[in-house]
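For the sequence shown, my numbering gives the first residue as 327, with consecutive numbering after it. Report on the structure given below.
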Amino acid sequence: MPKIRIRYVEDKGKFGYAEFGDFFFFADDLYVWRQEEEFADDHSKDVVDGFFNDKCTRQGYVCRFLYAGADTNYVDSNGEHIFVGDVIEIKEGNSETQLALGYFPYFEHEEMRYCFVLDNHSLSLEDCIGREDMRLTRIGTTYFLLDPNFETEDMNKKVQDFNGWHDTNEEHEEKVLMSRYTPNFDQEPWKYHGLEILGVEFNWR
């Protein structure tokens, strides 16, 4: 059985990770069990009671976070685990491009697969990983320009927006830059450029 692990936004510049059994979804929102006392004030007792029908005996605090993709159980060329919502640099021969990974039907009416959605077709992650002439490297995530009110967003829409085929080269390069400073709620692109100028690094991995 593949390992089930998800990523979530804990705060600006900080992702968290949870294993199967340590998280659940309720009314389209993600909730994660945390043990640290710092989360006591954020405990959602009403959600626990509603989800478990007053039969939960687990200790700890259930807190709402923004879902930020599942571990695909595939690794990139550096051996790093690839998550849905990652921005991947794909090198093939002398050409390279940067695409965001989503979870969509590979073809119409087919099963869901991890893939890079393009203008009128898709590239399967599984097929790309299996090619010796193709190098895949994680370089960032799509979790920039997040809703400042911490509202749940459509993850696949963020992936599609990143892979926008009507973008100019300048617009695409700006998205690639912002992907390195994630997770991030800042709404002004100039702030991301400022982080680059100042040499700031985000541990988005």
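Just so it is clear, CB atoms sit at the ideal spot from N, CA and C, and this is done for glycine as well.
(request) Note down the Cα distance separating Pro474 from Thr508, rounded to an integer number of angstroms. (result) In the sequence shown, residue 474 corresponds to position 148, counting from 1. In the sequence shown, residue 508 corresponds to position 182, counting from 1. Roughly 13 Å separates the two Cα atoms.
(request) Grab the span of the beta strand (DSSP E) containing Val401 for me, first residue to last. (result) On the sequence shown, position 75 is the one that residue 401 refers to. 387-401 is the span of the beta strand (DSSP E), which, as asked, contains Val401.
(request) Determine the closest residue to Leu392 out of Asn495, Phe470, Trp491, Gln385, with distance taken between C-alpha atoms. (result) On the sequence shown, position 66 is the one that residue 392 refers to. Of the candidates Asn495, Phe470, Trp491, Gln385, the one whose C-alpha sits nearest the C-alpha of Leu392 is Phe470.
(message) Quick check: is the beta carbon of Asp368 nearer than 8 Å to any beta carbon in chain B?
(response) Chain labels in this structure do not include chain B; a single protein chain is all it has.
(request) Sort Lys340, Ile330, Gln424, Tyr357 by Cα distance to Thr478 and report the nearest one. (result) The count along the sequence shown starts at 1 and reaches residue 478 at position 152. The shortest C-alpha to C-alpha distance from Thr478 to any of Lys340, Ile330, Gln424, Tyr357 is the one to Tyr357.
(request) With DSSP as the reference, label His498 as helix, strand or coil. (result) What you label residue 498 is simply residue 172 of the sequence shown in a count that begins at 1. DSSP places His498 in helix when its eight states are reduced to three.
(request) Mind checking which residues open and close the alpha helix (DSSP H) that includes His519? (result) Taking the first residue of the sequence shown as 1, we reach residue 519 at position 193. From DSSP, the alpha helix (DSSP H) with His519 extends over 515-523.
(message) DSSP has Arg464 in a bridge; who is on the other side?
(response) Residue mapping note: residue 464 aligns to position 138 of the sequence shown, counting from 1. Per DSSP, the beta-bridge partners of Arg464 are Ile414.
(request) State the start and end residues of the unbroken beta strand (DSSP E) segment that holds Leu449. (result) Taking the sequence shown and counting its residues from 1, one reaches residue 449 at position 123. Under the DSSP assignment, Leu449 falls in the beta strand (DSSP E) whose first and last residues are 448-450.
(message) Beta-carbon within less than 8 Å of Phe430's beta-carbon, same chain only, minus the 5 sequence neighbours each way: which residues are those?
(response) As a position in the sequence shown, residue 430 is number 104, starting the count at 1. Excluding five sequence positions before and after Phe430, the CB atoms of its chain that fall closer than 8 Å to its own CB belong to Met438, Arg439, Cys441, Val443, Ser448, Asn482, given in chain order.
(message) Among Gly347, Asp372, Phe528, whose alpha-carbon lies nearest the alpha-carbon of Asp380?
(response) Walking along the sequence shown from the start, residue 380 turns up at place 54. Comparing alpha-carbon positions, the option among Gly347, Asp372, Phe528 lying closest to Asp380 turns out to be Asp372.
(request) With a cut-off of 8 Å on the beta carbons, I'd call Thr468 and Val526 a contact; round off their distance for me. (result) By one-based count along the sequence shown, residue 468 stands at place 142. By one-based count along the sequence shown, residue 526 stands at place 200. Beta-carbon to beta-carbon, Thr468 and Val526 are separated by about 19 Å, too far to satisfy the 8 Å threshold.
(request) Please classify Cys382: is it buried, with 16 or more other beta-carbons within 10 angstroms of its beta-carbon, or exposed? (result) Position 56 of the sequence shown, counted from the first residue, corresponds to residue 382. Classification of Cys382: exposed, given that the 10 Å Cβ count is below 16.
(message) Run through the DSSP bridge pairs and tell me what Leu425 is partnered with.
(response) Locating residue 425 in the sequence shown gives position 99, where the first residue counts as 1. For Leu425, DSSP records a beta bridge to Ile414.
(request) State the Cα-Cα distance for the pair Phe409 and Asp487, rounded to the nearest angstrom. (result) Within the sequence shown, residue 409 is the residue found at index 83, counting from 1. Within the sequence shown, residue 487 is the residue found at index 161, counting from 1. Taking the straight line from one Cα to the other gives about 17 Å.
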